[in-house]
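Here the structure is laid out as structure tokens; the discussion comes afterwards.
There are 2 protein chains.
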Amino acid sequence: MEIVRRVNSMKEVSRQVRAKGRKLGFVATMGSLHHGHLSLIRWVHEVSDVVVVSIFVNPTQFESGSDLEHYPRDLSRDVDLCVAEEVDYVFAPTADEIYPPGGTTIVEVQGISDTLEGASRPGHFRGVSTVVLKLFEIVAPTVAAFGRKDAQQAAVIRRMVRDLMLDVEVAVLPTMRDDDGLALSSRNARLSEEDRRSALAIPRALEAARDLANSGQKSAARVLGAAREVLEAEPGLELDYLELVDGDSFEPVTEVAGERTLVVGARVGSVRLLDNVILAG
Amino acid sequence: MEIVRRVNSMKEVSRQVRAKGRKLGFVATMGSLHHGHLSLIRWVHEVSDVVVVSIFVNPTQFESGSDLEHYPRDLSRDVDLCVAEEVDYVFAPTADEIYPPGGTTIVEVQGISDTLEGASRPGHFRGVSTVVLKLFEIVAPTVAAFGRKDAQQAAVIRRMVRDLMLDVEVAVLPTMRDDDGLALSSRNARLSEEDRRSALAIPRALEAARDLANSGQKSAARVLGAAREVLEAEPGLELDYLELVDGDSFEPVTEVAGERTLVVGARVGSVRLLDNVILAG
Numbered sequence: 001m002e003i004v005r006r007v008n009s010m011k012e013v014s015r016q017v018r019a020k021g022r023k024l025g026f027v028a029t030m031g032s033l034h035h036g037h038l039s040l041i042r043w044v045h046e047v048s049d050v051v052v053v054s055i056f057v058n059p060t061q062f063e064s065g066s067d068l069e070h071y072p073r074d075l076s077r078d079v080d081l082c083v084a085e086e087v088d089y090v091f092a093p094t095a096d097e098i099y100p101p102g103g104t105t106i107v108e109v110q111g112i113s114d115t116l117e118g119a120s121r122p123g124h125f126r127g128v129s130t131v132v133l134k135l136f137e138i139v140a141p142t143v144a145a146f147g148r149k150d151a152q153q154a155a156v157i158r159r160m161v162r163d164l165m166l167d168v169e170v171a172v173l174p175t176m177r178d179d180d181g182l183a184l185s186s187r188n189a190r191l192s193e194e195d196r197r198s199a200l201a202i203p204r205a206l207e208a209a210r211d212l213a214n215s216g217q218k219s220a221a222r223v224l225g226a227a228r229e230v231l232e233a234e235p236g237l238e239l240d241y242l243e244l245v246d247g248d249s250f251e252p253v254t255e256v257a258g259e260r261t262l263v264v265g266a267r268v269g270s271v272r273l274l275d276n277v278i279l280a281g
Numbered sequence: 282m283e284i285v286r287r288v289n290s291m292k293e294v295s296r297q298v299r300a301k302g303r304k305l306g307f308v309a310t311m312g313s314l315h316h317g318h319l320s321l322i323r324w325v326h327e328v329s330d331v332v333v334v335s336i337f338v339n340p341t342q343f344e345s346g347s348d349l350e351h352y353p354r355d356l357s358r359d360v361d362l363c364v365a366e367e368v369d370y371v372f373a374p375t376a377d378e379i380y381p382p383g384g385t386t387i388v389e390v391q392g393i394s395d396t397l398e399g400a401s402r403p404g405h406f407r408g409v410s411t412v413v414l415k416l417f418e419i420v421a422p423t424v425a426a427f428g429r430k431d432a433q434q435a436a437v438i439r440r441m442v443r444d445l446m447l448d449v450e451v452a453v454l455p456t457m458r459d460d461d462g463l464a465l466s467s468r469n470a471r472l473s474e475e476d477r478r479s480a481l482a483i484p485r486a487l488e489a490a491r492d493l494a495n496s497g498q499k500s501a502a503r504v505l506g507a508a509r510e511v512l513e514a515e516p517g518l519e520l521d522y523l524e525l526v527d528g529d530s531f532e533p534v535t536e537v538a539g540e541r542t543l544v545v546g547a548r549v550g551s552v553r554l555l556d557n558v559i560l561a562g
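Chains A and B, in that order, give the protein sequences. All residue numbers for the first sequence refer to my numbering, where the first residue is 1 and numbers rise by one. All residue numbers for the second sequence refer to my numbering, where the first residue is 282 and numbers rise by one.
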């Protein structure tokens, strides 16, 4: 496995891979790899010849310097995991490589970037779409996999790829969970034992909503009510948003009809947690 | 020569060209081709194996429906000219092909897009950078040529390519002029004979500025004053802006030192005219 630090070196690698007609699979990460990332890497291995994993804590998608500063980082552990997964290249650039001085270009998926998670974190999705476009231009993947846990991020990226007619297939793969049901996230490392007990209200709430929808309940208000009840019973958790949306536009919907996504954003202590479940009406 | 109407067909063409390791040269136009465009096409021929010319009047870079409506269009004449220039492919998509319903993604080069021409035409350069990125993704050129007449547009595109790390070489080629000195522009067709006489104050003003700079005058105020005097003596011309800028950032400068660009934007009747000259201090 090779660790690539420079944009130009990475471009040269992908040029060579593509010149040979080989499929390049890509997983973009901010490091602190967990089983969710590993499941993406394994899937990408199945569908491509060469696997690239980027590890880059993207400053432009953090609202506050403090959240950026506290974001967990452990490159040598991440590299070990990539070696074990038989990743071909780890692309781990510095911030200056990705954002050279004087750069001012942004990519924004308007509308969907301003709602829910975007409303709570102004500029967040603009940072995501800008860096993902850059990474796509540098790595030039045939296929790229993202986790469904960040459902709105995945929707932003899919829409960007479609709108800008990028030549990459985007796959959105199921959320991985710990045995207790909590969705895997690099931020979970910052939860105390007590925080974690509070956080478990999230998967319980999603399950309550899914059970109700599965029983035939079509009303978004009712389904959301079932989830809200569970969340509000947990004093250690501060709910930010809970909404039933169309999975493509992230516009709120009033009925469980077709494929809908129930999304939740919350804080436990200083840790921001996201989760979602697909409800089929 | 082949006329390509669909995004997917154009992508397939460029995939095949690039798979053979051939260089693809690209000239993006809004049609109404004149000798300025033809000089770009000829240059691109010299440096590439396959030449693609796009003809697309991009709605998102027009501020008013009226300017968009009155923009001259003559596809069959343009196609004849491309045949004569031995262009390999004309890419002439519909607006719906480039902007399918539901698309909301924009690309913006912040800062430079808001000044001078960008200040006079809010949203103009956002429309330019968004469509040029899309065209680059679709056509996947090795090299793309733009005219220096639209100096700020060229600077926006060069910065976008650098910032987003796009794999395309951007060439900015000299402004072509009619014998009377007027910079070639598709909009010139809308000038009456009298308008045209008024418009000629623009190249005269640029020449006055250049002569003064060539004589050793370093002061931007003095050089601009010489140009302004010529422009203000022409009652048929309404000056919008006249500025000496750094050719990369388009920030105003106070001295002719290194390579500087003197840019002018003006109206004659209902026709907007741009021109510029490089001054070397």
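Glycine is no exception: its CB is placed at the ideal position from the N, C-alpha and C atoms. All values reported here derive from a predicted model rather than from experimental measurement.
> The alpha helix (DSSP H) spanning E474 of chain B covers which residue range?
Replying inline: 474-480
>> List, from N- to C-terminal side, the beta strand (DSSP E) runs of 3 residues or more that fit wholly inside the segment 37-69 of chain A.
In response: 50-55
>> Just checking: is the beta-carbon of V579 of chain B within a distance shorter than 8 angstroms of some beta-carbon in chain A?
In response: Given that chain B is displayed from residue 282 to residue 562, the structure contains no residue 579 of chain B and the question cannot be resolved.
> Just reading off the alpha helix (DSSP H) that E398 of chain B is part of, what are its end residues?
Replying inline: 398-401
> In chain order, what residues of the same chain lie with their CB nearer than 7 angstroms to the CB of R292 of chain A, ignoring the 5 residues before and after it?
Replying inline: Nothing in the structure corresponds to residue 292 of chain A, since chain A is present only between 1 and 281.
>> By the 7 angstroms beta-carbon criterion, what residues does the segment 116-136 of chain A contribute toward chain B?
In response: L133, K134
> Can you name the start and end residues of the beta strand (DSSP E) that T310 of chain B belongs to?
Replying inline: 305-310
> When you compare only the Cα positions, how much space is there between A88 of chain A and G306 of chain B?
Replying inline: In the sequence on display, residue 88 of chain A carries Asp and not Ala. If I take the Cα positions, the gap works out to 33 angstroms.
>> Out of A:I202, A:L224, A:V27, A:R158, which one is the CA nearest neighbour of E46 of chain A?
In response: A:V27
> Can you list the residues of chain B that L166 of chain A reaches, using a CB-CB cut of under 7 angstroms?
Replying inline: E418
> Quick one: what does DSSP say D395 of chain B is sitting in, helix, strand or coil?
Replying inline: helix
>> Once the 5 residues before and after T130 of chain A are set aside, which same chain residues still bring their CB inside 7 angstroms of it?
In response: T60, I106, V107
> Assuming L505 of chain B and L525 of chain B make a contact with CB atoms under 8 angstroms, what is their CB distance in whole Å?
Replying inline: 6 angstroms
> Just how far apart, CA to CA, sit R121 of chain A and D240 of chain A?
Replying inline: 11 angstroms
> Quick one: which chain A residues come within Cβ less than 8 angstroms of G539 of chain B?
Replying inline: Per Cβ cutoff of 8 angstroms: no residues; G539 of chain B is ~16 angstroms from chain A at best.
> If S32 of chain A and P72 of chain A are in contact, beta carbons under 8 angstroms, what's the gap, nearest whole angstrom?
Replying inline: 4 angstroms
> With which residues is D527 of chain B paired in a DSSP beta bridge?
Replying inline: B:R541
> Alpha carbon to alpha carbon, what distance is there between D431 of chain B and H70 of chain A?
Replying inline: 46 angstroms
> Hey, quick one: how far does the beta strand (DSSP E) through D275 of chain A stretch, first residue to last?
Replying inline: 271-280
>> Going by beta-carbon coordinates alone, are V511 of chain B and A486 of chain B separated by less than 8 angstroms?
In response: yes
> By how many angstroms is the C-alpha of A507 of chain B removed from the C-alpha of G404 of chain B?
Replying inline: 31 angstroms
> Does any CB atom of chain A fall closer than 8 angstroms to the CB of K292 of chain B?
Replying inline: yes
> Contact check, I322 of chain B vs V331 of chain B under 8 angstroms by CB: the rounded distance?
Replying inline: Wrong, their Cβ atoms sit about 12 angstroms apart, outside the cutoff.
> Of the residues that make up the segment 375-390 of chain B, which ones have a beta carbon closer than 9 angstroms to any beta carbon in chain A?
Replying inline: I379, Y380, P381, G383, G384, T385, T386, I387, V388, E389, V390
> List, in order along the chain, the chain A residues whose C-beta lies closer than 8 angstroms to that of G392 of chain B?
Replying inline: T104
>> Tell me the residue span of the alpha helix (DSSP H) that contains T130 of chain A.
In response: 124-139
>> Taking its Cβ as the centre, do 16 or more other Cβ atoms sit within 10 Å of H567 of chain B, making it buried, or is it exposed?
In response: The displayed coordinates of chain B run from 282 to 562. Any statement about residue 567 of chain B would go beyond what the structure contains.
> Could you give the distance in angstroms between the alpha-carbon of G269 of chain A and the alpha-carbon of Q433 of chain B?
Replying inline: 49 angstroms
> In angstroms, rounded to a whole number, what distance separates the CA positions of E475 of chain B and V338 of chain B?
Replying inline: 27 angstroms
> Name the chain B residues whose beta carbon is nearer than 8 angstroms to that of V7 of chain A?
Replying inline: M446
>> Taking the alpha helix (DSSP H) that G506 of chain B belongs to, which residues open and close that run?
In response: 501-513
> Where does V364 of chain B land, buried or exposed, given buried means 16+ other C-beta within 10 angstroms?
Replying inline: exposed
> So, helix, strand or coil for R267 of chain A, using DSSP?
Replying inline: strand
> How long is the line joining the alpha carbons of G383 of chain B and L164 of chain A, rounded to whole angstroms?
Replying inline: 12 angstroms
> Looking at E97 of chain A and V17 of chain A, is the spacing between their C-beta atoms short of 8 angstroms?
Replying inline: no
> Using Cβ-Cβ distances below 8 angstroms, what residues of the segment 454-477 of chain B are close to chain A?
Replying inline: none
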